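**Student:** Here my numbering runs 2 ahead of the position in the sequence shown, where the first position is 1.
Don't be surprised by glycine CBs; every beta carbon is placed ideally from N, CA and C.
Model, not experiment: these values are computed from the prediction.
Before I ask anything, here is the structure I am working with.
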Amino acid sequence: MNYGNVFIGVQPTVGYEGDPMRLLFSKSASPHHGFAAYHTFVEKIFQADAVTLFMPGKQVGMSDACYPDSLIGNIPNIYCYAANNPSEATVGKRRSYANTISYLTPPAENVGLYKGLKQLSELISSYQSLKDTGRGPQIVSSIISTAKQLILTRMFPLPEERMELPPNERDLIVGKVYAKIMEIESRLLPCGLHVIGEPPSTIEAVATLVNIASLDRPEDEIYSLPNILAQTVGRNIEDVYRGSDKGILADVELLRQITEASRGAITAFVERTTNSKGQVVDVTNKLSTMLGFGLSEPWVQHLSKTKFIRADREKLRTLFTFLGECLKLIVADNELGSLKLALEGSYVEPGPGGDPIHNLKVLPTGKSIHALDPQTMPTIAAMKSAKIVVDRLLERQKVDNGGKYHETIALVLRGTDNIKTNGESLAQVLWMIGVRSVADTFGHVNRVEPVSLEELGRPRIDVVVNCSGVFRDLFINQTNLLDRAVKMVAELDEPEEMNYVRKHAQEQAQELGVSLREATTRVFSNASGSYSSNVNLAVENASWTDEKQLQDMYLSRKSFAFDSDAPGAGMREQRKTFELALATADATFQNLDSSEISLTDVSHYFDSDPTKLVQGLRKDERAPSSYIADTTTANAQVRTLSETVRLDARTKLLNPKWYEGMMKSGYEGVREIEKRLTKTVVWSAKSGQVVNWVYEEANATFIEDEAMRKRLMDTNPNSFRKLVQTCLEASEENLEKLRELYSEVEDKIEGIDRWLDIEMES
3 MNYGNVFIGV
13 QPTVGYEGDP
23 MRLLFSKSAS
33 PHHGFAAYHT
43 FVEKIFQADA
53 VTLFMPGKQV
63 GMSDACYPDS
73 LIGNIPNIYC
83 YAANNPSEAT
93 VGKRRSYANT
103 ISYLTPPAEN
113 VGLYKGLKQL
123 SELISSYQSL
133 KDTGRGPQIV
143 SSIISTAKQL
153 ILTRMFPLPE
163 ERMELPPNER
173 DLIVGKVYAK
183 IMEIESRLLP
193 CGLHVIGEPP
203 STIEAVATLV
213 NIASLDRPED
223 EIYSLPNILA
233 QTVGRNIEDV
243 YRGSDKGILA
253 DVELLRQITE
263 ASRGAITAFV
273 ERTTNSKGQV
283 VDVTNKLSTM
293 LGFGLSEPWV
303 QHLSKTKFIR
313 ADREKLRTLF
323 TFLGECLKLI
333 VADNELGSLK
343 LALEGSYVEP
353 GPGGDPIHNL
363 KVLPTGKSIH
373 ALDPQTMPTI
383 AAMKSAKIVV
393 DRLLERQKVD
403 NGGKYHETIA
413 LVLRGTDNIK
423 TNGESLAQVL
433 WMIGVRSVAD
443 TFGHVNRVEP
453 VSLEELGRPR
463 IDVVVNCSGV
473 FRDLFINQTN
483 LLDRAVKMVA
493 ELDEPEEMNY
503 VRKHAQEQAQ
513 ELGVSLREAT
523 TRVFSNASGS
533 YSSNVNLAVE
543 NASWTDEKQL
553 QDMYLSRKSF
563 AFDSDAPGAG
573 MREQRKTFEL
583 ALATADATFQ
593 NLDSSEISLT
603 DVSHYFDSDP
613 TKLVQGLRKD
623 ERAPSSYIAD
633 TTTANAQVRT
643 LSETVRLDAR
653 TKLLNPKWYE
663 GMMKSGYEGV
673 REIEKRLTKT
683 VVWSAKSGQV
693 VNWVYEEANA
703 TFIEDEAMRK
713 RLMDTNPNSF
723 RKLVQTCLEA
733 SEENLEKLRE
743 LYSEVEDKIE
753 GIDRWLDIEM
763 ES
C-alpha cells in the first residue's frame with residue numbers, strides 16, 4: 003500500500019513447511035521465489051531509497067554471493083527496533099547492514115483486580131477492621147468460601163468455611179489469601195503500544211519510574227523507594243518481602259501500604275511536569291522548582307499523609323533527583339530525530355540495548371543499538387542477583403521435596419535474556435554448581451573458581467543446560483566457560499552426597515565407557531546453523547500424534563554438545579549422553595525477566611521446556627517438578643509452572659483490563675486474544691500443568707457472553723474461528739453448542755452473512 007512516497011507491504015513468510023525457522027536463521031538455505039520477488043519489487047519497481055527489512059540467512063562475513071547481501075542490494079536498511087531486544091537487532095546489523103534505531107518499550111502498570119478478586123479484597127479489608135470483634139470468624143468464613151469459588155485452593159489448602167479457628171490461624175489464612183491477591187494485583191502488564199515521537203502520558207511515566215525506583219543501586223548509593231519506606235517503620239524491605247510471601251498478615255498489609263505510598267509519591271512528582279493533555283513536557287525547568295525545597299517537595303507532601311511521614315529526607319531527595327534525570331531521558335524525543343538523521347545519511351549516536359529499568363544507559367532511546375561485550379558476562383551484579391534467585395529456587399524445591407535437595411536441574415539459556423540482565427541466567431547455572439566467575443583487570447570473565455562447600459552450605463547441584471541457537475552464536479566464550487566450570491566441579495575430590503555433578507558423571511562414565519570429563523558433558527544446543535526444537539510449531543499446528551513424536555523431535559534437534567576440550571570442533575551430536583543426563587533431572591527451570599513477555603505470550607518457552615521429555619526418560623517415569631523464576635520486580639519470585647500459567651491466565655487472558663485493551667486494537671487485538679488462549683492450550687499438551695478452570699473461564703468470557711461473542715465475530719471472524727476451535731479441543735462441556743458456533747463462523751467467513759442467536763449453556 004502506498005502513502006505518497008512511502009510503501010508499506012507485508013514481507014512474505016521466511017520459512018519452509020516443517021522447519022519455518024530454517025530460512026530465518028540458516029546460513030545456507032536459499033529464499034523462496036516469492037521472498038526474492040518481493041525484494042526485487044522494492045528495489046527495482048518501487049525504487050526505494052531506504053527500507054526496513056529483516057533478512058534471513060548467513061549472519062556474518064557477507065560476500066556478494068550471499069543471499070542477504072544479494073537481496074538488500076545497495077539500499078540502506080533503517081530498522082526501528084525495541085530497545086530491549088539487542089540480540090535480534092545485532093543479527094539485523096550483521097546480515098543486512100541495518101542501522102537499528104531503538105524505541106522505548108511499552109511501560110508496564112499493575113494488573114489490578116476484577117470480578118470476584120475485587121470482592122475478595124474487600125472482604126479482607128473488612129476482616130482487618132473487624133477481626134477482633136464477634137464478626138471476625140464470620141468474615142473469615144466468607145473469605146474461605148470466596149477463595150474456593152475463585153479456585154485459589156490450588157495454590158494452598160484452605161479449611162472448611164464454618165470450622166472454628168483460633169485468631170492466629172485466622173490471621174495466617176487471611177494473610178495467605180491476601181498475599182495471593184496482592185501478587186495478582188501487582189503483576190506488571192504492558193499498557194498499550196509505544197508510539198514513536200509521542201511523549202509519554204503521566205500514567206506511562208509513573209509506571210516506568212515506579213519500576214526504576216523499586217531497585218537498590220548501591221554503586222550510586224541510591225536506595226530503592228520501598229526500602230526507604232520500610233526503614234521508616236524499622237523494617238528491611240527484604241524481610242517484608244519474605245514475610246509477605248509466607249502470608250504473614252501484618253507484612254502483607256505493610257507491603258501493600260509501601261506499594262501504594264511509592265506509587266502515590268511518584269505520581270505526585272510526575273504530575274508537576276505534565277501539561278493540560280496529561281503529557282510529560284518541559285521536565286528540566288519544572289524539576290528545578292521542585293528539588294531542595296523541603297516540605298514543598300511533592301513526594302514529601304504525599305508521604306506526610308501516610309505512616310511514612312518520617313522517611314529519610316536526604317535519601318528521598320537523592321532518589322528523586324535520580325528519578326528526575328531518568329524522567330528527562332524517558333521523555334527525550336530522540337526517536338524521530340534519529341530516524342530523520344539516518345534517512346539523511348547522517349551519524350546516529352550508538353548505545354546499548356537492554357532493559358531500560360535495569361540499565362539506564364539504554365536511555366534515551368533513538369540510539370543505534372549495540373549489544374554488549376560478551377566477555378564481561380556475568381557481571382558482579384548479575385552474580386549477586388543470581389544467588390538470590392537460586393537460593394530461593396533451592397529453598398522452594400527443598401520444601402516441595404520433603405526436605406531434600408533435587409540432585410539435577412534441567413534449564414534453558416537464551417541470548418536476549420542474558421544480554422538484558424548482563425548474564426543473570428548464566429550466573430544462576432554457575433551458582434547452582436557452586437562456582438563464581440572471576441574477572442581480569444579489564445573486566446573480562448575468562449575463568450571461574452569453586453566456592454567451598456562450607457561457604458556454599460549445600461550440595462553442588464548437577465545441571466543440564468539447553469542453550470538457544472542465538473545464545474550459542476553470540477556467547478561462544480561463555481559456553482566454553484560454562485563447560486569448563488562443570489568439568490572442574492566433577493573433578494573436585496568431594497563426597498558424592500555433596501557434589502551431585504561428580505556423582506552422576508561417575509555413574510554415566512561407567513555406563514557409557516568413557517572418561518569422566520566426557521561423561522560430564524552438560525551444555526547442549528542445536529547443530530550449528532540450526533535453531534529451535536520445532537516442538538512449538540508441531541503443537542500449534544496440531545501436526546503431532548503422540549508424546550513420543552514430540553520427544554524424538556526435541557532430542558534429535560537439541561542433543562548437540564559443546565566441548566571445551568575440543569575448541570573449534572563445533573557442536574557434536576551426543577544424544578545418549580544428553581538422554582542420560584536428562585534422566586537424572588528432578589526439576590526443570592526457566593526465567594521470566596520481562597513484564598512484556600510471559601509464558602503465554604510467545605512460544606519459545608514451551609518449545610524449550612523439557613518437562614514431559616524428562617518424565618519419559620526417567621526410570622521411575624516420575625514427572626519432574628517444574629519451576630519458573632519471575633525477576634520482573636525487585637521481589638523475585640519462584641513459582642511452579644502450573645502456578646505461573648494460572649497467574650498468567652488471571653492477569654492477562656481473563657482480565658478485562660487486558661482483553662478490553664486488546665479489543666481497542668481491532669482485528670489484531672482479537673488475534674492476540676486467540677493466540678494467548680492457543681498458547682495456554684499448548685502448555686497443556688506440553689506439560690499437562692494447566693487446570694480445567696482456565697478453559698471454563700475462557701469459555702464463559704469469550705463464548706458464553708453473547709455481546710463479547712458478537713464483537714469478536716464481527717471484528718475478526720478468522721481468529722474467532724480459531725478461538726472456537728481451541729475451545730473445542732480444550733473443553734469437555736457444551737461441545738455441541740461450540741460445534742454449531744464453529745459452523746456459524748465458517749458461514750460468516752465464506753460470505754453467508756447471518757448470525758444465529760445461539761444460547762450457550764451456562
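1. For I751 and Y744, I'd like the C-alpha separation in whole angstroms.
2. Residues in its own chain within less than 8 Å of E549 by CB, not counting five upstream and five downstream?
3. Hey, could you find the ends of the alpha helix (DSSP H) C68 is sitting in?
4. CB V472 to CB G417, shorter than 7 Å?
5. For Y669, count neighbouring C-beta atoms within 10 Å of its own C-beta (all shown protein chains included) and say buried if the count is 16 or more, exposed if not.
6. Count the other C-beta atoms from every protein chain shown that fall within 10 angstroms of the C-beta of Y349, then say buried if there are 16 or more, exposed otherwise.
7. Could you work out which residue in A732, N720 and T323 is closest to V2 when comparing CA atoms only?
8. Along the alpha helix (DSSP H) that carries L743, what are the first and last residues, could you check?
9. For P461, which option in R524, E397 and A209 has the closest C-alpha, if you only look at C-alpha atoms?
10. In the DSSP assignment, find the unbroken alpha helix (DSSP H) run with D772 in it and report its ends.
11. Which class does T15 belong to by DSSP, given the choice of helix, strand or coil?
12. Take M710 and list the residues in its own chain whose beta-carbon comes closer than 8 Å to its own, dropping the five residues that flank it on each side.
13. Evaluate contact between the stretch 126–133 and the stretch 227–243, counting only Cβ atoms and requiring at least three cross-stretch pairs below 8 Å.
14. Less than 7 Å between the beta carbons of H506 and D464, yes or no?
15. For D485, which residues of its own chain have a beta-carbon under 6 Å away from its beta-carbon, when the five flanking residues on both sides are left out?
16. Comparing C-alpha positions only, which one of T308, T579, S527 and N736 sits nearest to S517?
17. Does T261 pass the burial test, meaning 16 or more other C-beta atoms within 10 Å, or should it be called exposed?
18. Leaving aside the five residues before and after Q430 along the sequence, list all residues of the same chain whose C-beta is less than 7 Å from its C-beta, in chain order.
19. Roughly how many angstroms separate the alpha carbons of Q281 and L211, rounded to a whole number?
20. With H, G and I counted as helix, E and B as strand and the rest as coil, what does DSSP make of L152?
21. Is it the case that the Cβ atoms of Y105 and I198 are separated by a distance below 7 Å?
22. Between which two residues does the alpha helix (DSSP H) holding V437 run?
23. What does the alpha-carbon distance come out to for the pair V242 and D218?
24. Classify T378 as helix, strand or coil using the three-state DSSP reduction.
25. Need the endpoints of the beta strand (DSSP E) that T590 sits in, please.
26. Closer than 7 Å by C-beta to L679: which residues in its own chain qualify, once you throw out the five before and the five after it? Chain order, please.
27. On the DSSP bridge assignment, give the partners of V467 in chain order.
28. What first and last residue would you give for the beta strand (DSSP E) that runs through L714?
29. Taking the alpha carbon of P108 as the point to measure from, which residue in I126, E520, V333 and E738 has its own alpha carbon closest?
30. Helix, strand or coil for S32 per DSSP?
31. Helix, strand or coil, according to DSSP, for A52 in the structure here?
32. Please classify I311 as buried or exposed, where buried requires at least 16 other C-beta atoms within 10 Å of its C-beta.
33. Using the Cβ count rule (16 or more neighbours within 10 Å means buried), how would you classify P88?
34. Whole-angstrom Cβ separation of I230 and K317, contact assumed at under 8 Å?
35. Since A207 contacts L329 with CB under 8 Å, what's their CB separation in whole angstroms?
36. Taking its Cβ as the centre, do 16 or more other Cβ atoms sit within 10 Å of D222, making it buried, or is it exposed?
**Tutor:** Result, derived from the coordinates:
1. Counting from 1 along the sequence shown, the entry for residue 751 is found at position 749. Counting from 1 along the sequence shown, the entry for residue 744 is found at position 742. C-alpha separation (whole angstroms): 11 Å.
2. For the purposes of this step, residue 549 is taken as the residue at position 547 of the sequence shown. Excluding residues within five positions, the ones whose Cβ falls inside 8 Å are K614 and G618.
3. Residue mapping note: residue 68 aligns to position 66 of the sequence shown, counting from 1. Where C68 is concerned, there is no enclosing alpha helix (DSSP H), given that its DSSP letter is neither H nor E.
4. Counting from 1 along the sequence shown, the entry for residue 472 is found at position 470. Counting from 1 along the sequence shown, the entry for residue 417 is found at position 415. Their beta carbons are under 7 Å apart, which means V472 touches G417 by this criterion.
5. As a first step, residue 669 must be located in the sequence shown, where it is residue number 667. By the 10 Å Cβ count, Y669 comes out exposed.
6. Counted from its first residue, the sequence shown places residue 349 at position 347. Answer is exposed; the Cβ neighbour count stays below 16.
7. A question about residue 2 goes unanswered here, because the residues of the chain that appear run from 3 up to 764.
8. Within the sequence shown, numbered from 1, the residue matching residue 743 stands at position 741. Run containing L743: L737 to I751, per the alpha helix (DSSP H) assignment.
9. On the sequence shown, residue 461 is found 459 positions in, with the first residue counted as 1. Residue E397 is the option with its Cα nearest to P461.
10. The structure shown does not extend to residue 772, since the chain is modelled only from 3 to 764, so the question has no answer here.
11. One-based indexing of the sequence shown puts residue 15 at position 13. In this structure, T15 counts as coil in the three-state DSSP scheme.
12. Residue numbering aside, residue 710 sits at position 708 when the sequence shown is read from its first letter. So the list reads T703 and F704, once near-sequence residues are dropped.
13. no
14. Mapped onto the sequence shown, residue 506 falls at position 504. Mapped onto the sequence shown, residue 464 falls at position 462. Contact: yes.
15. Counted from its first residue, the sequence shown places residue 485 at position 483. Once the five neighbours on either side are set aside, the close Cβ partners of D485 are V525, F564 and S566.
16. The count along the sequence shown starts at 1 and reaches residue 517 at position 515. Closest option to S517, Cα to Cα, is T579.
17. Position 259 of the sequence shown, counted from the start, is the residue given in the question as residue 261. Buried: at least 16 other Cβ atoms inside 10 Å.
18. Within the sequence shown, numbered from 1, the residue matching residue 430 stands at position 428. Here the set comprises A388, V391 and V392.
19. Here residue 281 refers to the residue found at position 279 when the sequence shown is read from its first residue. Here residue 211 refers to the residue found at position 209 when the sequence shown is read from its first residue. Those two C-alpha atoms are separated by around 15 Å.
20. Here the question's residue 152 lines up with position 150 in the sequence shown. Coil at L152, not helix or strand.
21. Residue mapping note: residue 105 aligns to position 103 of the sequence shown, counting from 1. Residue mapping note: residue 198 aligns to position 196 of the sequence shown, counting from 1. Yes.
22. Counting from 1 along the sequence shown, the entry for residue 437 is found at position 435. Where V437 is concerned, there is no enclosing alpha helix (DSSP H), although the beta strand (DSSP E) it sits in stretches over V437 to A441.
23. Taking the sequence shown and counting its residues from 1, one reaches residue 242 at position 240. Taking the sequence shown and counting its residues from 1, one reaches residue 218 at position 216. Answer to the nearest angstrom: the Cα atoms are 15 Å apart.
24. For this step, residue 378 is matched to residue 376 along the sequence shown. In the structure shown, T378 sits in a helix (DSSP, three-state: H, G or I).
25. Position 588 of the sequence shown, counting from 1, holds the residue named residue 590. Where T590 is concerned, the enclosing beta strand (DSSP E) stretches over A589 to L594.
26. In the sequence shown, residue 679 corresponds to position 677, counting from 1. L655, A700, L725 and T728, listed in sequence order.
27. What you label residue 467 is simply residue 465 of the sequence shown in a count that begins at 1. Looking at the DSSP assignment, V467 forms a beta bridge with L413 and V525.
28. Residue numbering aside, residue 714 sits at position 712 when the sequence shown is read from its first letter. First-last for L714: E708 to T717, but that is the alpha helix (DSSP H), not the beta strand (DSSP E).
29. Locating residue 108 in the sequence shown gives position 106, where the first residue counts as 1. The candidate whose alpha carbon is nearest that of P108 is V333.
30. Looking up residue 32 in the sequence shown gives position 30. In the structure shown, S32 sits in coil (DSSP, three-state: anything other than H, G, I, E or B).
31. Numbered from 1 along the sequence shown, position 50 holds the residue referred to as residue 52. In the structure shown, A52 sits in coil (DSSP, three-state: anything other than H, G, I, E or B).
32. Stepping through the sequence shown from its first residue, residue 311 is reached at position 309. I311 comes out exposed.
33. Residue mapping note: residue 88 aligns to position 86 of the sequence shown, counting from 1. Result: buried.
34. Taking the sequence shown and counting its residues from 1, the one referred to as residue 230 is at position 228. Taking the sequence shown and counting its residues from 1, the one referred to as residue 317 is at position 315. Confirmed, about 5 Å.
35. As a first step, residue 207 is located in the sequence shown; it is residue number 205 there, counting from the start. As a first step, residue 329 is located in the sequence shown; it is residue number 327 there, counting from the start. Confirmed, about 6 Å.
36. Numbered from its first residue, the sequence shown carries residue 222 at position 220. Exposed, because fewer than 16 other Cβ atoms sit within 10 Å of the Cβ of D222.
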